[in-house]
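Working notes, beginning with the structure itself.
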Amino acid sequence: MMRISMSLPKKLLADFDEVLKDRGYQSRSKGIRDALKDYIVRYQWMNEMEGDRIGVITVIYDHYYTGVMENLAEIQHDYRDEINTSMHIHMTSKYCMEVIVVNGDVNSIRELTEKMMRLKGVDHVKLTSTANGEAFDPD
């Protein structure tokens, strides 16, 4: 095993420790290893998808972070062919959520998701997708 060190916000670490406690973990290192494995599996799953997909991208961001809303809007305009609709939700006085319904080539949807994920001020992005309706229609 290799040792690493990392810097984390206090609240994130406290929340992580609480999850570990709830799940019965005896070691923070084991919890971090499991979380990293899950992250890698999700990434690999997202990269293995092919063809047309329909899905939802959920984005949570700090709307006070300078430029984040403009950057999100610009990215969404660049992918308007894949975006069917979006909904904006005020979660708290600081955080907002965008729920974006997408449909189209998975490579474009993946690109869209990853561009939003890389933005500063964005705290969470999750893509959930399935084969589009054509896969379910026998005619």
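So the mapping is simple: the working numbering equals the position in the sequence shown, first residue as 1, plus 630. Just so it is clear, CB atoms sit at the ideal spot from N, CA and C, and this is done for glycine as well.
request  = Sort Asp647, Arg663 and Arg683 by Cα distance to methionine 632 and report the nearest one.
outcome  = Arg663
ask   = In this structure, does DSSP put glutamate 712 in helix, strand or coil?
value = coil
query = Between the Cα of asparagine 677 and the Cα atoms of His718, Glu700 and Asn737, which residue gives the shortest distance?
reply = Asn737
request  = Could you tell me which of Val731, Tyr695 and Leu642 sits nearest to tyrosine 725, measuring between CA atoms?
outcome  = Tyr695
task = In the DSSP assignment, find the alpha helix (DSSP H) that holds threonine 743 and state where it starts and stops.
result = 736-747
message = Taking the straight line between their C-alpha atoms, what separation do you get for methionine 746 and threonine 722?
response = Straight through space, the alpha carbons of threonine 722 and methionine 746 are spaced by roughly 20 Å.
ask   = Starting from serine 759 and walking both ways along the beta strand (DSSP E), at which residues does that stretch end?
value = Start and end: 752-761.
ask   = Buried or exposed: arginine 757, going by 16 or more other Cβ atoms within 10 Å of its Cβ?
value = Checking the sequence, you will find leucine at residue 757 rather than arginine. Answer is buried; the Cβ neighbour count reaches 16.
task = Would you mind giving the Cβ-Cβ distance between isoleucine 730 and isoleucine 713, rounded to the nearest angstrom? I have them listed as a contact below 8 Å.
result = 6 Å
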